[in-house]
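Enquirer: I have a structure I would like to understand better, so I am pasting it below and will then ask my questions one at a time.
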Amino acid sequence: MNIGIDDLPVRDELRGKSPYGAPQLDVPVRLNTNENPYPLPDALVERIAERVREAARHLNRYPDRDAVELRTRLAKYLTDTTGHTVGPAEVWAANGSNEVLQQLLQAFGGPGRTAIGFEPSYSMHALIARGTGTGWISGPRNEDFTVDLAAAEKAIAEHRPDVVFITTPNNPTGTAVPAETVLALYEAAQAAKPSMVVVDEAYVEFSHSASLLPLIEGRPNLVVSRTMSKAFGAAGLRLGYLAAHPAVVDAVQLVRLPYHLSAVTQATALAALEHTGTLLKYVEQLKSERDRLVSELLAAGYEVTASDANFVQFGRFDDAHAVWRQILDRGVLVRDNGVPGRLRVTAGTPEENDAFLDAVREVKKEQS
Ligand code: PMP
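Numbering (the UniProt record's numbering), first residue to last: 1 to 368.
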């Protein structure tokens, strides 16, 4: 019997839909999911093994449900890097920032409620909204992919969303959102509802601008979401976190599954945080490789969106997907995010970036 999803009594809003799916293809150069290209250093791998061995002895017990040691260590990292003091009560952690965002929508979105994002942006915001029964509103951007403040304020006033997503630097465009814009949107969101404003800073370590974390002071409806998947080079760990007023952390605890963060995850993340300096040492190199990609793409005659992240959006193409395929035929996997006429490339090692640049120069030659 050939039975598909739509033959099941599945929720109406899931009918005919596809799951999130960046292709995981086995090609020599993979520059499609904004990962850090450098494997973890040996000393850290050893430390993880030690910490996990210790944790393994206690796997008969549930893990620390509140992940207090880990949240304390994450709070220290945030305090050290932003100059704004936060404590463990203002920090929450989960399996990737995707889970953090899901928990936020479970607590502040849900049936009968709506969330807005300014698109193109991180596609999971809309998908997590759908999964949590939250209505999704697609807000506008300018032609150059910056947030159109007047139009965004108008959309917030008109739709009165319960949650406002601001991704800075934005994925897939790389665009940073200035603090003044975030503050203006926060004010607009408070005047309209009030609603929660979630600042998704997954790529902030690569930005020219500082983290907006200090803005949580005196703004209980502002949340900053972070991840160890990008700058920390630990996408496989699945560790995301947020900083916000302690009341937000209390609200999220109402919806989190008990013991959601395994003892193995907590031990691994703690080991990684002991090596913060080593892990973050590639950030500067990746930033300069990102800048090199921008200048070489421009030199090759492509149009490039200014980037504050570890990836670059480039174009324009009449048929972006056909170009994606031509680059793939040369052994390099980039990302077609569905933004008309554009593709996105993640900054890899210098060798990987050279392979990508060779491929796109060849493609350009073929086109002219
Ligand atoms: N936010 C943004 C803007 C992202 O691009 C990503 C990953 N692509 C995430 C959040 C989720 O990352 P993770 O779940 O690995 O923390």
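Yeah, the Cβ is synthetic: ideal placement off N, Cα and C, and Gly gets one too. Computed from a predicted model, the values in this text were never measured in an experiment.
Measure from the alpha carbon of V164 to the alpha carbon of each residue in A188, P172, E180 and N171, then state which is nearest.
Expert: Residue 164 sits at position 164 when you count from the first residue of the sequence shown. If we check each option's Cα against that of V164, A188 comes out closest.
Enquirer: Touch check for the stretch 281-296 and the stretch 89-98: three-plus C-beta pairs under 8 angstroms?
Expert: No: the two stretches stay apart, fewer than three of their Cβ pairs being nearer than 8 angstroms.
Enquirer: K17: buried (16+ other C-beta within 10 angstroms of its C-beta) or exposed?
Expert: For the purposes of this step, residue 17 is taken as the residue at position 17 of the sequence shown. Exposed.
Enquirer: Between M228, I156, P169 and D6, which has its C-alpha nearest S195's C-alpha?
Expert: Walking along the sequence shown from the start, residue 195 turns up at place 195. When only C-alpha atoms are compared, the closest one is I156.
Enquirer: Mapping the DSSP letters down to three states, classify M124 as helix, strand or coil.
Expert: Here residue 124 refers to the residue found at position 124 of the sequence shown. Helix, per DSSP.
Enquirer: Hey, which residues come within less than 6 angstroms of ligand 1, measuring from Cβ to any heavy atom, in chain order?
Expert: This criterion selects N34, G96, S97, N98, Y122, T167, N171, D200, A202, T227, S229, A235 and G240.
Enquirer: Starting from V197, follow the beta strand (DSSP E) in both directions and report where the run begins and ends.
Expert: The residue you call residue 197 lines up with position 197 of the sequence shown. Counting along the chain, the beta strand (DSSP E) containing V197 begins and ends at M196 to D200.
Enquirer: Identify the continuous alpha helix (DSSP H) that holds T146 and give its terminal residues.
Expert: Here residue 146 corresponds to residue number 146 of the sequence shown, with the count starting at 1. It is not in any alpha helix (DSSP H) - T146 carries neither H nor E in the DSSP assignment.
Enquirer: Report the rounded CA-to-CA distance for R73 versus A49, giving the unit in angstroms.
Expert: For the purposes of this step, residue 73 is taken as the residue at position 73 of the sequence shown. For the purposes of this step, residue 49 is taken as the residue at position 49 of the sequence shown. If I take the Cα positions, the gap works out to 19 angstroms.
Enquirer: Taking 7 angstroms as the cut-off, decide whether the C-beta atoms of G233 and Y38 are in contact.
Expert: Indexing the sequence shown from 1 puts residue 233 at position 233. Indexing the sequence shown from 1 puts residue 38 at position 38. In this structure, Y38 lies closer than 7 angstroms to G233 by Cβ.
Enquirer: Comparing alpha-carbon positions, which option in A67, L149 and D162 lies nearest L104?
Expert: Numbered from its first residue, the sequence shown carries residue 104 at position 104. L104 has its Cα closest to that of D162, out of A67, L149 and D162.
Enquirer: Contact between the stretch 81-96 and the stretch 126-134 is defined here as three or more beta-carbon pairs at a separation below 8 angstroms; is this criterion met?
Expert: Taking 8 angstroms as the limit for Cβ pairs, the verdict is that the stretch 126-134 does not touch the stretch 81-96.
Enquirer: On the three-state DSSP scale, how would you describe Y38?
Expert: Here residue 38 refers to the residue found at position 38 when the sequence shown is read from its first residue. Reduced to three states, the DSSP call for Y38 is coil.
Enquirer: Please determine if the stretch 343-357 and the stretch 308-318 are in contact, where contact requires at least 3 C-beta pairs separated by less than 8 angstroms.
Expert: Contact holds: three or more Cβ-Cβ distances are below 8 angstroms.
Enquirer: Among E366, S368 and K230, which residue has its Cα nearest to the Cα of T276?
Expert: Taking the sequence shown and counting its residues from 1, the one referred to as residue 276 is at position 276. Answer by Cα proximity: K230.
Enquirer: Assuming the contact rule is C-beta atoms closer than 8 angstroms, L31 and V332 should be a hit. Round their C-beta distance to whole Å, please.
Expert: In the sequence shown, counting from the first residue as 1, residue 31 sits at position 31. In the sequence shown, counting from the first residue as 1, residue 332 sits at position 332. Right, their Cβ atoms sit about 6 angstroms apart.
Enquirer: Answer with buried or exposed for D336, where buried requires no fewer than 16 other C-beta atoms within 10 angstroms of its C-beta.
Expert: On the sequence shown, position 336 is the one that residue 336 refers to. Classification of D336: buried, given that the 10 Å Cβ count is 16 or more.
Enquirer: Could you tell me which residues DSSP puts in a beta bridge with L343?
Expert: What you label residue 343 is simply residue 343 of the sequence shown in a count that begins at 1. The partner list for L343 (beta bridge, DSSP) reads F314.
Enquirer: Going by the DSSP bridge assignment, what does Y203 pair with across the sheet?
Expert: The residue labelled residue 203 in the question sits at position 203 within the sequence shown. Bridge partners of Y203: none, in fact.
Enquirer: Under the DSSP definition of a beta bridge, which residues are partnered with residue 377?
Expert: The structure shown does not extend to residue 377, since the chain is modelled only from 1 through 368, so no value can be given for it.
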